[in-house]
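Some notes on the structure that comes next.
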Amino acid sequence: MSSLPISIPKDINKYFFNRKKEIKKINANLSLLEMDIANQILITGYRGVGKTFLLKKILNDQPEKYLTIYLDLSKTYGGQKGELTEEELMKELLNKINEAIIKNENILTKVKGNISNFFKQLELKDYDISNINLSDIQLPEIKDNYLKLSKFVMELPQRIVDSSDNISGFIIVIDEFQLLKSLKNPEAFFWLIRTYTQEQFNVSYIFTGSVSQTGEIINMINGQNGAFGGRMLQFNIDPFSKEETKEYLNERLPSLKFSKEGFERFYACTRGIPAYINSLSSILPTDVECDEGLIKETLLLNVDQIVIMWLYVWGTLSSVEKEIIIFMVENGNVTWSLLNNNLSYAKSTITKYIDSLMNKGVIEYKFNKEYVLSDDMLKTWLEIKYDNDGIYPA
Ligand SMILES: Nc1ncnc2c1ncn2[C@@H]1O[C@H](COP(=O)(O)OP(=O)(O)OP(=O)(O)O)[C@@H](O)[C@H]1O
Ligand SMILES: [Mg+2]
Numbered sequence: 000m001s002s003l004p005i006s007i008p009k010d011i012n013k014y015f016f017n018r019k020k021e022i023k024k025i026n027a028n029l030s031l032l033e034m035d036i037a038n039q040i041l042i043t044g045y046r047g048v049g050k051t052f053l054l055k056k057i058l059n060d061q062p063e064k065y066l067t068i069y070l071d072l073s074k075t076y077g078g079q080k081g082e083l084t085e086e087e088l089m090k091e092l093l094n095k096i097n098e099a100i101i102k103n104e105n106i107l108t109k110v111k112g113n114i115s116n117f118f119k120q121l122e123l124k125d126y127d128i129s130n131i132n133l134s135d136i137q138l139p140e141i142k143d144n145y146l147k148l149s150k151f152v153m154e155l156p157q158r159i160v161d162s163s164d165n166i167s168g169f170i171i172v173i174d175e176f177q178l179l180k181s182l183k184n185p186e187a188f189f190w191l192i193r194t195y196t197q198e199q200f201n202v203s204y205i206f207t208g209s210v211s212q213t214g215e216i217i218n219m220i221n222g223q224n225g226a227f228g229g230r231m232l233q234f235n236i237d238p239f240s241k242e243e244t245k246e247y248l249n250e251r252l253p254s255l256k257f258s259k260e261g262f263e264r265f266y267a268c269t270r271g272i273p274a275y276i277n278s279l280s281s282i283l284p285t286d287v288e289c290d291e292g293l294i295k296e297t298l299l300l301n302v303d304q305i306v307i308m309w310l311y312v313w314g315t316l317s318s319v320e321k322e323i324i325i326f327m328v329e330n331g332n333v334t335w336s337l338l339n340n341n342l343s344y345a346k347s348t349i350t351k352y353i354d355s356l357m358n359k360g361v362i363e364y365k366f367n368k369e370y371v372l373s374d375d376m377l378k379t380w381l382e383i384k385y386d387n388d389g390i391y392p393a
C-alpha cells in the first residue's frame, strides 16, 4: 500500500515534505508583520506543484500571535454557480474573519466592543448579511451597499490586530485567485485591496492559484500598470529536483524500487511535480524493481488516475478552448497567427480564449511569441485517449 497522498491530507505534518527554503523565505516576510511591515505576496507555480499544500503548511505553523485565513475561491465560485460577485467575496471574507476570531475566546472579548463601534460608525443599516453572525455581535441587514460592506470587511483585520495586545498580525491567503477574473470588474477589485493594504501595517495578503506566470491576471495585479505595480513579492514554487524526488521517495515510500533508467523515466514523466510523483508512485508495484518499460506501461494504463487534476480542468473548458489545446497537441507550439489561420473563429475570439487559457494556467506565452502547453502531461493524456478511443475526450 502506498503512503503518499493524492490529495491534500488532513494530517499536514505527516505527509508534507521539505520545502524548507520556500517556507523560510515566506515566513521571513510574514514575520515582519510584528514590526508593522505588511508584505503582499503572490505565489505562482505549475498545477500540482504544491502551492496550496505549502500555504496550508505555512498557515498551520504560524505562531498564535498571528490570525490566519485560508480562502479558496473555487469553493466560493462553485457555490455561486459560476458567477463570482464582489459582494459574495466580501461576505465570504467576513465569514472567514469571523471563524478566525471565534477560535480564540480571548481575542473575541477584546475586539468585540471595538468592532461593534466600528460597525455603528459605518451605519451599515441596509446590509443583509443575516447568514453571517460575527460571533454574537449583531450585524444589521444589508442590501446593496457594497462600498460600506467592503470598507467594513477590508478594515476589519487591522482593527482586530489593533484592539488586541496578543495579536500582532493577520495573514489572509486567497487561493485560486485567477477566478477573480470572473468578477465584473477584477481590476477595480485589485485596486480596492491595494488601497486598503496601503494603510494596514499588520495585514498580509497572499495570493496564489493555478495561473500561468504570463497570464494577464498576473499583470493586472502586479504588472507595471497593475494595482500593485510590482510591489507585491512574487515567488515561484519549483517542482522537486531529481535529488529531492529521490530523497522524498526513499524516505516516504522505501518499498518502491527503481532501476537506474527506471528512475530517470519516472522523473521525466513526473517532472518533479508532487501531484504526479504521488499519483504515479501510488500505482507502481512495490518491492519489484521498476524499469523504464514498467513505468511507461503503468502510465499508459492508468493515465486517468495520474492526470486527475486535469480531468477536472478539461471539463470546465469551453469548446473553443479545447479546440485550441487539441490544435497545440497535434501541431506543437503555436503563434497567434497560426491559430488564427487554422481555426475558424474571429480574431477577438481567439485572443479571448488564449487569455483565458493562460489565466487558467493551461498554456504559457514564450518570448519568441509562441504559446506552449504548460504541462506535457496534459498532452500525454490527450494523446493516449486519442490512441485508445479514436477521439479526444469531450
Ligand atoms: N511538499 C509536499 N510534500 C508532499 N506532497 C506534496 C507536497 N506538495 C504537494 N504535494 C502533493 O501534491 C498534490 C498537489 O499539491 P497542491 O494541491 O498543493 O498543488 P497546487 O500547486 O496547489 O496545484 P493547483 O495549481 O492545481 O491548485 C497534493 O495533493 C499533495 O499530495
Ligand atoms: Mg492549489
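Take the sequence shown: its letters are residues 0 to 393, numbered as in numbering that gives the first Met the number 0.
Note that beta-carbon positions come from the ideal geometry of N, C-alpha and C, so glycine has one too.
With a Cβ-Cβ cutoff of 7 Å, do residue i and residue j count as a contact?
| i | j | result |
| --- | --- | --- |
| Met308 | Leu372 | no |
| Gly271 | Glu291 | no |
| Leu178 | Leu72 | yes |
| Glu363 | Thr213 | yes |
| Met231 | Leu41 | yes |
| Leu191 | Ile96 | no |
| Ser280 | Leu252 | yes |
| Ile57 | Ile25 | yes |
| Val407 | Asn38 | A question about residue 407 goes unanswered here, because the residues of the chain that appear run from 0 up to 393. |
| Ile173 | Leu32 | no |
| Val160 | Asn201 | yes |
| Phe448 | Phe206 | One cannot answer for residue 448 here, as it falls past the ends of the chain, which runs 0 to 393. |
| Ile171 | Tyr204 | yes |
| Trp380 | Val306 | yes |
Tell me the rounded alpha-carbon separation between residue i and residue j.
| i | j | result |
| --- | --- | --- |
| Pro139 | Gly208 | Here Pro139 scores only 45 on pLDDT, less than 50, and its place in the model should not be relied on; the value that follows carries that caveat. Cα to Cα, Pro139 sits roughly 34 Å from Gly208. |
| Lys90 | Gln223 | 30 Å |
| Asn428 | Glu369 | Residue 428 lies beyond the range of the chain shown here (0 to 393); nothing can be said about it. |
| Tyr126 | Asn94 | Note that Tyr126 scores 47 on pLDDT, short of 50, meaning its location in the model is unreliable; the coordinates nonetheless yield the value given after this. Going by the C-alpha atoms only, they are around 15 Å apart. |
| Thr402 | Ile236 | Outside the shown range of the chain, which is 0 to 393, sits residue 402, and nothing can be said about it. |
| Ser149 | Glu215 | 25 Å |
| Thr297 | Ile282 | 8 Å |
| Thr67 | Thr285 | 40 Å |
| Ile325 | Val319 | 10 Å |
| Gly360 | Leu3 | 25 Å |
| Lys9 | Phe15 | 11 Å |
| Ile131 | Thr350 | Low local confidence applies: a pLDDT of 47 at Ile131 is under 50, so the model's placement there is unreliable, and no value is given. |
| Leu377 | Lys64 | 43 Å |
| Glu263 | Arg46 | 22 Å |
| Pro392 | Ser254 | 35 Å |
Mind checking residue i: buried by the 16 CB within 10 Å criterion, or exposed?
| i | result |
| --- | --- |
| Tyr266 | buried |
| Glu311 | It should be pointed out that residue 311 corresponds to Tyr in this sequence rather than to Glu. Label assigned to Tyr311: exposed. |
| Lys23 | exposed |
| Gln199 | buried |
| Ser163 | buried |
| Asn184 | exposed |
| Ile7 | exposed |
| Gln197 | exposed |
| Ala187 | exposed |
| Glu242 | exposed |
| Phe366 | exposed |
| Pro62 | exposed |
| Asn278 | Note that residue 278 is Ser in the sequence shown here, rather than Asn. Buried. |
| Asp135 | Only weak support exists for where Asp135 lies, its pLDDT of 48 falling under 50; the value from the coordinates is given anyway. Asp135 is exposed by the Cβ-count criterion. |
| Lys55 | buried |
| Gly229 | exposed |
| Asp375 | exposed |
Just to check, is the beta-carbon of residue i closer than 6 Å to a non-hydrogen atom of ligand 1?
| i | result |
| --- | --- |
| Thr269 | no |
| Ile7 | yes |
| Val48 | yes |
| Phe16 | yes |
| Pro392 | no |
| Asn397 | Because the chain spans 0 through 393 in this model, residue 397 falls outside it and cannot be assessed. |
Should residue i be counted as a contact of ligand 2 given a C-beta to heavy atom distance under 6 Å?
| i | result |
| --- | --- |
| Thr315 | no |
| Thr51 | yes |
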